[in-house]
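Numbering (the working numbering), first residue to last: 60 to 559. Backbone N, C-alpha and C fix where the C-beta goes; we use that ideal spot for every residue, glycine too. Some notes on the structure that comes next.
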């Protein structure tokens, strides 16, 4: 598996984050794209739903929570209805089990080639390396994933996998790997990829995809895409395998509408994805299109452990990527810094939980997962933007705080962090010393910083701060307060209010 998403453990995030902050192109690509999508998301929800947006989020939250609370019942219902339609259903307790099931299906059909639609869970289980080791040539058919594949790169965003690249890099990759003529025109680049892929859909022995939702009442999978590559992946090859995490189950089509309204708007600011496809079973008698066999591989890979813990709400995630777009930390460090295919705020809390649960730690405990990813809970400003953006109301900041507390309890937090907080508390309990310390810091900052006069009075800043502030000024200036302190302002406001 690509080391960008499967690093050696325990994972140290800091070197990757420092490298990302120094990468000016990455800052531009990721920062601009995420800011634009986050702004567009707010605009389309305000336009289409107005004050009803929060009610829609509540409906989606409650619907997913109901499904998680009744997951055993829904699994049985889905399996029964899918098998009625002629599909074959497999249960994979681990990532290795999921890959083994796929390889067994491939061997049964002497499969040598595969076309694959975008799927986070196949990245999670390491399906491509398993297929490659078995001699099965696999083509990523999502355009972004295809570019990453020929570059030997890894996805850095849940929805926009190549957010860290631009069309110049794509053009160079197509010249190098496909022998295409150099062009930076997006339409021409797309047509080059299309020409390369189109015949491979028809020749492939196997099609693979993920799914956005599983409908228990219908025994169907729902896949939302914008490029149409999924429909070609399922329509061309004789055998299709759908890999899907068990948390994607909902009761049925009766519960689907709120999620379709939220998913595309949250992720890409579209009213609806271009294609919303349903897979139920193999082709019926008299039909000429579609696969002859359909297999559903229901993947646990730690999800049951998360379900049994106090963090079961994390399984409500519909993989829209909105929390990544809203997060100021993700915007600066990009997805590869997180050391997992699940980046950003949701990845910071979900990755340790999945790793813990797969490692065999008891339900509800803080096992090896958090120790192996001790940096992730601290990769947040706790601004709450992720919660405001989440269409299913996952309280990510609460879980980040929970993990930080567990790290302190287990002695995994940096000693400097504990010492700093202890000093802050000691000063805060002594008002006179606190005011003196704040005054000294302000004076010291002004002596080290730069200043200029403006129409509003003036401003001051540090371009290179000492000590803990060095991390901040590595990529931005640190502003210095030049006016009166909040305490003086508040005290003056109180006196003026009393005089009135």
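CB of residue i within 9 angstroms of CB of residue j, strictly
i, j, result
"residue 450", "residue 115", "yes"
"residue 354", "residue 195", "no"
"residue 404", "residue 429", "no"
"residue 200", "residue 256", "yes"
"residue 401", "residue 209", "no"
"residue 521", "residue 528", "yes"
"residue 414", "residue 68", "yes"
"residue 411", "residue 432", "yes"
"residue 336", "residue 281", "yes"
"residue 323", "residue 331", "yes"
"residue 291", "residue 174", "yes"
"residue 298", "residue 269", "no"
"residue 334", "residue 289", "yes"
"residue 87", "residue 80", "no"
"residue 388", "residue 462", "no"
"residue 166", "residue 452", "no"
"residue 363", "residue 427", "no"
"residue 63", "residue 212", "yes"
"residue 537", "residue 504", "yes"
"residue 339", "residue 144", "yes"
"residue 286", "residue 202", "yes"
"residue 293", "residue 238", "no"
"residue 188", "residue 204", "no"
"residue 158", "residue 198", "no"
"residue 133", "residue 310", "yes"
"residue 501", "residue 539", "yes"
Distance between residue j and residue i (C-alpha atoms, nearest Å)
i, j, result
"residue 206", "residue 480", "46 angstroms"
"residue 497", "residue 549", "16 angstroms"
"residue 512", "residue 391", "30 angstroms"
"residue 70", "residue 399", "10 angstroms"
"residue 547", "residue 397", "42 angstroms"
"residue 519", "residue 242", "46 angstroms"
"residue 379", "residue 343", "33 angstroms"
"residue 308", "residue 74", "38 angstroms"
"residue 154", "residue 525", "46 angstroms"
"residue 305", "residue 341", "21 angstroms"
"residue 72", "residue 393", "12 angstroms"
"residue 37", "residue 77", "Lying outside 60 to 559, the shown extent of the chain, residue 37 is not represented and no answer is given."
"residue 495", "residue 478", "20 angstroms"
"residue 83", "residue 61", "24 angstroms"
"residue 240", "residue 508", "52 angstroms"
"residue 352", "residue 147", "8 angstroms"
"residue 484", "residue 475", "14 angstroms"
"residue 110", "residue 93", "24 angstroms"
"residue 367", "residue 125", "15 angstroms"
"residue 300", "residue 149", "10 angstroms"
"residue 223", "residue 90", "10 angstroms"
"residue 246", "residue 259", "20 angstroms"
"residue 161", "residue 170", "11 angstroms"
"residue 179", "residue 345", "34 angstroms"
"residue 117", "residue 506", "51 angstroms"
"residue 552", "residue 448", "36 angstroms"
"residue 558", "residue 534", "Residue confidence is low: residue 558 scores 49 on pLDDT, short of 50, so the model does not pin down where it sits. Its coordinate-derived value is still stated next. Answer to the nearest angstrom: the Cα atoms are 46 angstroms apart."
"residue 267", "residue 113", "35 angstroms"
"residue 445", "residue 370", "16 angstroms"
"residue 172", "residue 532", "50 angstroms"
"residue 517", "residue 542", "9 angstroms"
"residue 284", "residue 122", "22 angstroms"
Residues bridged to residue i (per DSSP)
i, result
"residue 352", "298"
"residue 272", "281"
"residue 150", "357"
"residue 173", "197, 265"
"residue 86", "According to DSSP, which records beta bridges pairwise, residue 86 is partnered with nothing at all."
"residue 509", "520"
Any chain D beta carbon closer than 9 angstroms to residue i
i, result
"residue 90", "The structure shown contains no chain D; it holds only a single protein chain."
Check whether the region 98-106 and the region 345-360 touch, using three or more Cβ-Cβ pairs below 8 angstroms as the test.
no
How about the region 133-153 and the region 271-289: do they share at least three Cβ pairs that are nearer than 8 angstroms?
yes
Tell me the start and end of each unbroken beta strand (DSSP E) in the region 303-342 that is at least 3 residues and wholly inside, in chain order.
334-338
Note down, one range per segment and in chain order, each beta strand (DSSP E) of at least 3 residues found wholly within the region 512-543.
518-521, 537-539
Are at least three pairs of beta-carbons, each pair with one atom in the region 369-377 and one in the region 434-444, less than 8 angstroms apart?
no
If you pair each beta-carbon of the region 94-102 with each one of the region 327-342, do three or more pairs fall below 8 angstroms?
yes
Identify every run of the alpha helix (DSSP H) within the region 425-498, keeping only runs that are complete inside it and at least 4 residues long; order them along the chain.
427-431, 444-448, 455-468, 474-487
Three or more C-beta pairs below 8 angstroms linking the region 222-237 and the region 257-265:
no
Segments of 3+ residues assigned as beta strand (DSSP E) that fall wholly inside the region 352-404:
352-358
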